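Below is one structure, written out as structure tokens, with a few remarks after it.
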Amino acid sequence: MPNKIIIDSDARNEIDDQYAITYAVLSNAFDIRGFTAAHFAKANSMEESYDEILNVLNLIGKKDVYPVLKGAGSALKNRETPADSPAARFIISEALSNPEEYLHVICIGAITNLASAILLEPSIKKRIKVLWLAGKAWPEGGLFFNNRNDMLAAQIVFSSELNLTLVPACGTANKLKISLLDKRNIKGKGDIGNYLWKIFMRRFGIPKALYDVAAIAVLKSPDMCNWIKSPRPALMNNGEYNHASTNGTMHVAVDIDRDAMRNDLFSVLNRANEPDV
Ligand SMILES: [Ca+2]
């Protein structure tokens, strides 16, 4: 049975979320329940991400196929008060919808929506598996885009008793880069391929890490990396991990097979030209 997933994405912050969403949809390997829009610590950034998720799904030919929900517009104010939103409510309802099945929440942005869902309905902690792309390289950690954009939410998740998997942004997710040499692998792969190439070229063709793709890849193909099972450290305000203070366990994706991920991404993109993907 395919994993039941929600993808929580700050889709408009740069270009990797668009690749990750496309990879997830065209892989046909998940039971995608929907997408939730995350902010990236700028005014209107959640709305921009929401629009971008819809745009990407439309370009894939999947308009109106999946629910897309708006999330919190900014980071949490404290560790007790959730940011209620359609996204948080959707995560809760999907988590509670089938007691036989875990809901995998793949978070590829600030983790405000998930932390809010936990605060609103703590019982979902036993029903979800959280996979978050964040932080600098394991085991030190450090501030990077996704944890920096809502550190309180990150600390709520780290200190919660739930199933947590971390995909470090540095050392794992930054391994896969695209460059001008990849034009033939991306451009011409349907409307979405042309768009993915266009947003890459807006960055003047400078080689670019596709961080968020790794979060999809390691759930789709767990043997694509090595896994560390570790006591879960406390997450400090500077994003570093305090391994002297632990709570439960977690899994960390390391040593990712970049070539396998790259080959699978480009193989999947070929499906964009198939009549009914
Ligand atoms: Ca992202």
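The sequence shown lines up with residues -1 to 275 when you count with my numbering.
From the three backbone atoms N, C-alpha and C, an ideal C-beta is built for every residue, glycine too.
These numbers come from a predicted model, not from an experiment.
On the DSSP bridge list, what partners appear for residue i?
i	result
Asp29	Lys2
Glu238	Gly139
Ile104	Ile5, Leu129
Asn224	Val252
Val66	Phe33
Lys206	Ile176
In the DSSP assignment, find the alpha helix (DSSP H) that holds residue i and state where it starts and stops.
i	result
Met199	188 to 199
Ser43	43 to 58
Met149	149 to 156
Which of the three DSSP states is assigned to residue i in this structure?
i	result
Val211	helix
Ser177	coil
Ser83	coil
Ile89	helix
Asn111	helix
Ser243	strand
Ala18	helix
Ala232	strand
Leu263	helix
Ala73	coil
Arg10	coil
Lys123	helix
Asn145	helix
Asn271	helix
Asn183	helix
Lys61	coil
Lys218	helix
Leu24	helix
Ala258	helix
Leu281	Only positions -1 to 275 of the chain appear in this structure, which leaves residue 281 out of reach.
What residue range is occupied by the uninterrupted beta strand (DSSP E) comprising residue i?
i	result
Thr170	Thr170 -> no beta strand (DSSP E), and no H or E assigned at all.
Leu162	161 to 165
If residue i sits next to residue j, beta carbons under 8 Å apart, how far is it from one beta carbon to the other, in whole angstroms?
i	j	result
Ala41	Asp8	With a Cβ gap of about 14 Å, Ala41 and Asp8 do not count as contacting.
Ile214	Ile104	7 Å
Asn271	Lys187	6 Å
Ile154	Ala207	That belief does not hold up - the Cβ atoms of Ile154 and Ala207 are roughly 27 Å apart, past 8 Å.
Arg125	Leu101	6 Å
Ala86	Leu118	6 Å
Ala152	Leu233	6 Å
Ser83	Lys68	6 Å
Gly107	Asp6	6 Å
Ile51	Arg31	Not confirmed; about 14 Å, so no contact.
Pro166	Val250	7 Å
Lys123	Ser157	In fact, because the Cβ distance is near 11 Å, the residues do not count as touching under 8 Å.
Ile13	Arg182	The pair is not a contact, with the Cβ atoms about 18 Å apart (cut-off 8 Å).
Arg230	Asn240	In fact, because the Cβ distance is near 11 Å, the residues do not count as touching under 8 Å.
Leu164	Met248	6 Å
Asp210	Leu131	6 Å
Phe38	Asn111	Phe38 to Asn111, Cβ: 12 Å. No contact.
Taking 7 Å as the cut-off, is the CB of residue i close to at least one heavy atom of ligand 2?
i	result
Asn53	Ligand 2 is absent from the structure shown, which contains only ligand 1.
For a cutoff of 8 Å on Cβ pairs, would you count residue i as touching chain C?
i	result
Lys123	No chain C is part of this structure, which consists of one protein chain only.
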